[in-house]
Structure formats: structure tokens, C-alpha cells
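Chains as they are written, first to last, in the numbering used here: chain A, 14 to 341; chain G, 104 to 300.
Virtual Cβ for every residue (Gly too), placed ideally from N, Cα, C.
Just so you know, these numbers come straight off a predicted model, no measurement behind them.
Comments concern the structure below.
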């Protein structure tokens, strides 16, 4: 390495040395030059003096709480954006097509209006015993389980206001810390928990909720919420728990369809393997079509090979043209 | 369960999958927030910049083509969000001259961030560093944050800032000179810096 004589160029070299911009040969040459070049040594010592007070790597401290708050804010905004896409709309439309799910439908609509069942501070805690199924049935939304006087408005935002017409659009969260006691067989509690599966931000809470619902008797409401979780939950662990619950009901056409969708779309191989194994028990033509696609492109060896084996058993000529390409 | 590759996650995020996007950014999100906090004037601005950058990254990930590393691409978005935020504030200042009065950098700095050995700067040095950082120009500050605080190499900072390596070295040199002058009392031999563990 040629060592320049010009001071400006020497300063440039010192910066490159301090910020790891020299290769090993250049570093060795630079360090050798330091032993004989007083000007270079002086420049380096001057620059290194800054490191005494603020060593390289000294940066703003970000604590876990601050990071978590930011993460939640980002997630809310992303979910709001994605909610404008057809995904949630399709889910709601599907509920409308299924009259048996009127309870969940009402609850989800209520939640989409309220923008979440947000837990507020401990000062607002109340206890609402759920005494009878009839009483709960009259209040189908989980918001109905909270006393009206206990609502708190949080995060109010005026999204649009037209001073001429007076038209206004608001968004806000309803907050209340509420304790419920009752039985899992009661519709109110089941509704609350199925909506929480869709809406609760805390991943551990969603897993706990899934676990309890799995133990409850299976019905359309539980099935619909688990299918929604399988298709939409951001956490692979929660989706995995959902698929493990749903595989027991693979004979249900809605469940089978959701499993096919998960096999075709989920980025998590664990979820896809569970869905695949359940569907492989008794594959219908629609399922075989998905198997054919996964036999070609699944990133998971097990799924590719098992799908090929099933397709070969179904139609010995079906493996013709399989390539080794994998998407996920 | 197997861990998805970045390629799979990018592909899923490009299809609108929030969870995949979150998993992609998780390894660098603390660093991104620290970059935003290093550049911004206060903690609230830093949080806003970080959030704007994340939303912007999600919106534009379909255009990510792998020409640069994903983390480099993300940091470029944070830097651009910082610059946009700053421009918005400047427009506000024109209408409200008082807004920047009394505005202070107030972040807490530490060395060896988020490791068991990390040490917080003393309150005195931290305040002095914040004051010194406030004297840097926008680009000097960004170059310093990237190279000195986040330990990017000069060429990586040049890629993130979309500037030449020579420009980065000029920004760095000026930044260091200003900081040296401001922090001079803290590295004199007779000064005993007080670090909190």
C-alpha cells in the first residue's frame, strides 16, 4: 500500500483504518507505517481520542419495553392496512353465508367496529358473572359482557371531517379490564374466546385460548375461529396449534378446505406437514390436485415425496414430469 | 418445526403476509430503532420514524429484488424515513418558529448495546454527547450513526445513504471533529469519566 504524504489523504487513510475499511494486507502495512511515520501516528492518536469517551458501538439504548411498544404499533397499522384487503372481508362474507354462525358473525362485526377489545389499567376492573345461557345469548357481542358504564375510550382519532357537511369518521378503542366466570359451554364465553382468537394481540393468550377451545365441544363457531386462525394468524406456533386441533375434523368440508389452503399457502413447513398428513388419509380429487402442486414445488422433502407416492398409487403415470424445483 | 428461509419469508411477505414480514425484520428491528433514535431529535420522533419505515418497507417489499442485502435495504428505508420526517418538521418550523426552541436530544446511550456487558454512559457524558450530536448536520449525523454507532463499514454506509464512499468519509471526518471538540474534556488524561454499570 502506498502511504500518502498529503495530510488530507492521511486523514482519509486513518478513517479507513478506524472503520475497518482496509483489507488485512493494508492494515498490516498501515500498522507498520505507524512505527516510522510520526505524522500518521499523531493523526491516529488524535482520532482515537474520541474512542476514549464514545467507543465505536456506543449507540442509543433501546429497552425491550420500547421495542415491544413499537412492534405493537407497527402490527396494528399493518393489520389495519391488510384488513382493507379482501382477507377479512372474505371471512365476514363467509360468515354471512353460514347462518349457523350468527353469534360469531355478530361478535366479529362488533369487534371490527370497536377496533379491538383492549385491556386497560387495573383501576377499571369489574367482575361480571355469567349466570345463564339465556342471559348471555341476549348479548351476543363480547362487548355485551362489559357493563356500559365501564367502557373507556382510548386512542380516539379523527380520520376525516368535512366542516361543510359535518360528516365525520372516527376510530377508537374501547378499553375495559373485565373478569368473567362461567362455563366453557356457555355461548357468551365461547363467543368471547373465539373472537379473542381473531383479535387478541398477545400470542401466548391466543395459544391458551386455542388450547381451551380445543378441549371444549366442537361446533361451527369453534371450527370457524380455528379456521380463521389457521389461515391468518401471524404466529406459526398459533397456526400450528390450530392445525393440530382441526385435523381431527378433517371430514368436515370446511375444515378440509382450510387444510388444503394451509398446505398450499402456509410458509411454515410444520403447519403444512400436519395439514398434509390429515388430508392424506382420504384424498379426494380436489386434494389430489393440491398434492400434485406440492409434489412439484414444496420446499419440504417429506411433503414432496409423500405427495408423489400418493399420486403414484392413485395414478402410476402421475409422476411423469416431476422436477426438483421447490418454492416452499 | 423448521425455520423458514429468508427467501420464503420474503416471498410470503411480498404476498402480504404480515407474520412473514415480522419474522424477516425481527433480527434487525432493534438496530433499526437504534438508528432512528440516533438520527432523530427525540424519542417520540424516533419511534415515529421507525414505525413509518416499517410500514413503508411492508408496502414496498414487493419491489425488493435482492440486489442488496435485505438489512441494507431496510436501513436505507429508515434513513429515508428520517430525512422525510426531518423535512416535514422543517416545514412545520417555518410556520411555528418556536417548535425547535428548547428541543433537545434526550436518548440514553450505552456501549456494548444489549449484551450482558453493556455499560450506560454516565448522565454527564450522555448529556454532553447528546448536545454534541445536536451540532452535527443531518448527513454528518447519519454517517456517524451508521459507521460509529452501528459499526457499518464505510462502503455499506455509502450504499445505505446512496452516496459515494468519499462523501461518507467527509461526513464522518467532520462529525468526528465536531464531537472531539465538544467532548474534549471527557478524554483529557486528568478527567475521570464516570460510567454506570
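- Counterpart residues of residue 213 (chain G) in DSSP-defined beta bridges: Locating residue 213 (chain G) in the second chain gives position 110, counting from the first residue. Beta-bridge pairing links residue 213 (chain G) to A:72 and G:223.
- When you compare each of G:157, G:154, G:162 and G:138 to residue 329 (chain G) by their alpha carbons, which one comes out closest? The question about residue 329 (chain G) has no answer here: the residues shown for chain G are numbered 104 through 300.
- Task: Keeping to the same chain, check which residues put their C-beta closer than 8 Å to that of residue 209 (chain G); ignore five residues upstream and five downstream.
- Result: Residue numbering aside, residue 209 (chain G) sits at position 106 when the second chain is read from its first letter. Contacts found: 145, 146 and 233.
- Could you name the residues of the same chain whose beta carbon sits closer than 7 Å to that of residue 60 (chain A), not counting the 5 residues immediately before and after it, in chain order? Mapped onto the first chain, residue 60 (chain A) falls at position 47. Closer than 7 Å at the Cβ level, and outside the excluded window around residue 60 (chain A), lie 27 and 31.
- So residue 238 (chain G) is in the alpha helix (DSSP H); what residue range does that whole segment cover? Along the second chain, read from residue 1 onward, the residue named residue 238 (chain G) stands at position 135. Residue 238 (chain G) -> no alpha helix (DSSP H), and no H or E assigned at all.
- Using DSSP with H/G/I as helix, E/B as strand and the rest coil, what is residue 316 (chain A)? Translated into positions along the first chain, residue 316 (chain A) becomes position 303. Looking at residue 316 (chain A) - three-state DSSP - the assignment turns out to be helix.
- Query: Going along chain A in order, which residues have a C-beta closer than 9 Å to the C-beta of residue 264 (chain G)?
  - Reply: To locate residue 264 (chain G), count along the second chain from 1; it is residue 161. Those within 9 Å of residue 264 (chain G) in chain A number zero; the least Cβ separation is about 14 Å.
- Message: Using 8 Å for Cβ pairs, my map puts residue 200 (chain A) next to residue 223 (chain A). What's the rounded Cβ distance?
- Response: Position 187 of the first chain holds residue 200 (chain A). Position 210 of the first chain holds residue 223 (chain A). Not really, about 19 Å apart at Cβ, beyond 8 Å.
- Contacts around residue 240 (chain G), its chain only, beta-carbon distance under 7 Å, and the 5 residues preceding and following it disregarded: The residue given as residue 240 (chain G) occupies position 137 in the second chain. Here the set comprises nothing.
- Alpha carbon to alpha carbon, how far is residue 283 (chain G) from residue 24 (chain A)? Give it in angstroms, no decimals. The residue given as residue 24 (chain A) occupies position 11 in the first chain. The residue given as residue 283 (chain G) occupies position 180 in the second chain. Straight-line Cα distance between these residues: approximately 15 Å.
- Message: Quick check: is the beta carbon of residue 277 (chain G) nearer than 7 Å to any beta carbon in chain A?
- Response: Reading the second chain from its first residue, position 174 is the one you call residue 277 (chain G). No, no contact with chain A.
- With DSSP as the reference, please indicate the residues paired to residue 210 (chain A) in a beta bridge. Locating residue 210 (chain A) in the first chain gives position 197, counting from the first residue. Answer is none; residue 210 (chain A) lacks a bridge partner.
- Query: Taking DSSP as the reference, what is the three-state secondary structure of residue 144 (chain G)?
  - Reply: Position 41 of the second chain holds residue 144 (chain G). In the structure shown, residue 144 (chain G) sits in coil (DSSP, three-state: anything other than H, G, I, E or B).
- Query: Counting Cβ pairs closer than 8 Å, one from the segment 201 to 216 of chain A and one from the segment 178 to 185 of chain A, do we hit at least three?
  - Reply: no
- Item | Residue(s) in a DSSP beta bridge with residue 183 (chain A) | Here residue 183 (chain A) refers to the residue found at position 170 when the first chain is read from its first residue. Answer by DSSP bridge pairing, in chain order: A:171.
- Task: Count the CB pairs spanning the segment 33 to 43 of chain A and the segment 247 to 263 of chain G that are closer than 8 Å, and state whether there are at least three.
- Result: yes
- Query: Any residues in the segment 134 to 164 of chain G with a beta carbon nearer than 7 Å to a beta carbon of chain A? Which ones, in chain order?
  - Reply: 136, 137, 140, 141, 150, 153, 154, 157, 158 and 161
- Message: Any C-beta of chain G within less than 8 Å: which residues of the segment 21 to 35 of chain A qualify?
- Response: 24, 25, 28, 29, 32, 33 and 34
- Task: Would you please state the rounded distance, in angstroms, between the beta carbons of residue 263 (chain A) and residue 292 (chain A)? I believe it to be under 8 Å.
- Result: As a working note, residue 263 (chain A) is residue 250 in the first chain. As a working note, residue 292 (chain A) is residue 279 in the first chain. The pair is a contact, with the Cβ atoms about 7 Å apart (cut-off 8 Å).
- With DSSP collapsed to three states, give me the class of residue 220 (chain A). Here residue 220 (chain A) is taken as the residue at index 207 of the first chain, counted from 1. In the structure shown, residue 220 (chain A) sits in a helix (DSSP, three-state: H, G or I).
- Could you have a look at residue 35 (chain A) and say whether DSSP puts it in helix, strand or coil? In the first chain, residue 35 (chain A) corresponds to position 22, counting from 1. Three-state result, residue 35 (chain A): coil.
- Message: Counting only Cβ pairs nearer than 7 Å, list the residues of chain A close to residue 183 (chain G).
- Response: On the second chain, position 80 is the one that residue 183 (chain G) refers to. Correct list: empty, because the minimum Cβ distance to chain A is about 17 Å.
- Task: Give me the Cα-Cα distance between residue 261 (chain A) and residue 234 (chain A), rounded to the nearest whole angstrom.
- Result: Position 248 of the first chain, counted from the first residue, corresponds to residue 261 (chain A). Position 221 of the first chain, counted from the first residue, corresponds to residue 234 (chain A). Their Cα atoms are separated by approximately 16 Å.
- When the Cα atoms are used, what is the spatial distance from residue 89 (chain A) to residue 229 (chain A)? Translated into the one-based positions of the first chain, residue 89 (chain A) becomes position 76. Translated into the one-based positions of the first chain, residue 229 (chain A) becomes position 216. Their backbone Cα atoms lie some 30 Å apart in a straight line.
- Min CB distance residue 327 (chain A) to chain G below 7 Å: By 1-based counting over the first chain, the position of residue 327 (chain A) is 314. Chain G, which has no Cβ nearer than 7 Å to the Cβ of residue 327 (chain A), makes this no.
- Message: Here's a check: name, in chain order, each residue in its chain whose Cβ is nearer than 7 Å to the Cβ of residue 296 (chain A), leaving out the five neighbours to either side.
- Response: For the purposes of this step, residue 296 (chain A) is identified with residue 283 of the first chain, where counting begins at 1. Excluding positions up to five away in sequence, the list reads 304 and 323.
- N-terminal and C-terminal residue of the alpha helix (DSSP H) that residue 233 (chain A) is part of: Against the first chain, residue 233 (chain A) aligns to sequence position 220. Start and end: 233 to 245.
- What is the DSSP secondary structure of residue 194 (chain A), reduced to helix, strand or coil? If you number the first chain from 1, residue 194 (chain A) lands on position 181. Here residue 194 (chain A) sits in strand by DSSP.
- Query: Any chance the segment 261 to 277 of chain G sits against the segment 222 to 229 of chain G, with 3 or more Cβ pairs inside 8 Å?
  - Reply: no
- Of all Cβ atoms in chain A, is any one closer than 7 Å to the Cβ of residue 236 (chain G)? Start at 1 with the first residue of the second chain, and residue 236 (chain G) comes out as number 133. By this cut-off, residue 236 (chain G) is not an interface position.
- Show which residues of chain A have a CB atom less than 9 Å away from the CB atom of residue 241 (chain G). Numbered from 1 along the second chain, position 138 holds the residue referred to as residue 241 (chain G). Chain A residues near residue 241 (chain G): none, gap ~17 Å exceeds 9 Å.
- Over the uninterrupted alpha helix (DSSP H) stretch that includes residue 283 (chain A), give me the two end residues. If you number the first chain from 1, residue 283 (chain A) lands on position 270. It spans 282 to 293 - the alpha helix (DSSP H) in which residue 283 (chain A) sits, taken as one unbroken run.
- Query: Between residue 198 (chain A) and chain G, is there a C-beta pair that is closer than 7 Å?
  - Reply: As a first step, residue 198 (chain A) is located in the first chain; it is residue number 185 there, counting from the start. No, residue 198 (chain A) does not count as interfacial toward chain G.
- Query: If you draw a straight line from the alpha carbon of residue 66 (chain A) to that of residue 247 (chain G), how long is it in whole angstroms?
  - Reply: In the first chain, the residue the question calls residue 66 (chain A) occupies position 53. In the second chain, the residue the question calls residue 247 (chain G) occupies position 144. About 15 Å.
- By DSSP, does residue 137 (chain G) sit in helix, in strand, or in coil? Looking up residue 137 (chain G) in the second chain gives position 34. The answer is helix: DSSP assigns residue 137 (chain G) an H, G or I state.
- Task: Measure from the C-beta of residue 251 (chain G) to each C-beta in chain A and report whether the shortest distance is under 7 Å.
- Result: By one-based count along the second chain, residue 251 (chain G) stands at place 148. Taking Cβ atoms only, chain A reaches closer than 7 Å to residue 251 (chain G), which makes this a yes.
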